[in-house]
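Scroll down for the structure; my scribbles are underneath it.
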Amino acid sequence: MNTELFLLLMRGISALALLAFLGTLAYFMQRELRVAERLLAREEVARGELIVTHPDGETERVALRPVLSIGRIPQNSIVLNNGYTSAQHALITFRENQWWVEDLDSRNGTLVNGLDIAEPTIISVGDEILIGDVALKLNGL
40 MNTELFLLLM RGISALALLA FLGTLAYFMQ RELRVAERLL AREEVARGEL IVTHPDGETE
100 RVALRPVLSI GRIPQNSIVL NNGYTSAQHA LITFRENQWW VEDLDSRNGT LVNGLDIAEP
160 TIISVGDEIL IGDVALKLNG L
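In my numbering, the protein residues as written are 40 to 180.
This is the structure we're talking about:
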């Protein structure tokens, strides 16, 4: 077998391997999009609320969704514009039929019922999440 034929054969095999990889990637992306679509459809239904109490005593009610991000930047579901809050501070998610709160490696941490959390933590009705001087209380599911 001469060198040119060998190189042509290797290019063909490489092209087939690349196409197989891209096809697999496209399959998994499509599957993830379907899962995300189902999650977004479920997101339309509120599952309770968070009562957000600001340091000045002002309160607001935020409908719970399967995924709520909390932080200082406007892209978050709940924007807390104070010096204690990181840009992307915490995440509240509904999974395994439970509510979870997770600190996103924020500078000042996240407290649940007065305890600093280091890993995703289950929360339930009445639990208080403290981010700096803002309290978020899980209310009615």
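All residues carry an ideal CB built from backbone N, CA and C; glycine is no exception.
Item checked: Buried/exposed call for residue 142, threshold 16 Cβ in 10 Å -> If you number the sequence shown from 1, residue 142 lands on position 103. Result: buried.
Check: Quick one: what's got a C-beta closer than 8 Å to residue 161's C-beta in the same chain, skipping five residues either side?
Finding: In the sequence shown, counting from the first residue as 1, residue 161 sits at position 122. For residue 161, where only same-chain residues beyond five positions count, the Cβ hits under 8 Å are 137, 138 and 139.
Checklist line | Touch test, the segment 144 to 158 against the segment 60 to 75, Cβ-Cβ under 8 Å, three pairs minimum | finding: no
Check: Tell me, which residues are paired with residue 99 by DSSP?
Finding: As a working mapping, residue 99 is identified with position 60 in the sequence shown. Per DSSP, 91.
Margin query: With a threshold of 7 Å on Cβ separation, who are the neighbours of residue 93 within its own chain once the five nearest residues in sequence on each side are excluded?
Written below: Locating residue 93 in the sequence shown gives position 54, counting from the first residue. Cβ within range, chain order: 173.
Next item on the list: Specify, as a first and last residue, the run of the beta strand (DSSP E) that residue 142 falls within.
Entry: Walking along the sequence shown from the start, residue 142 turns up at place 103. Residue 142 -> beta strand (DSSP E) spans 137 to 142.
Next item on the list: Please determine, among 112, 102 and 106, the residue with the shortest C-alpha to C-alpha distance to residue 176.
Entry: In the sequence shown, the residue the question calls residue 176 occupies position 137. Taking only the C-alpha atoms, the option nearest residue 176 is 102.
Notebook entry, point to check: Is it buried or exposed for residue 151, if we count other Cβ within 10 angstroms and need 16 for buried?
Noted result: Residue mapping note: residue 151 aligns to position 112 of the sequence shown, counting from 1. So residue 151 counts as buried.
Next item on the list: Assign residue 163 to one of three DSSP states: helix, strand, or coil.
Entry: Start at 1 with the first residue of the sequence shown, and residue 163 comes out as number 124. Of the three classes helix, strand and coil, the one that applies to residue 163 here is coil, per DSSP.
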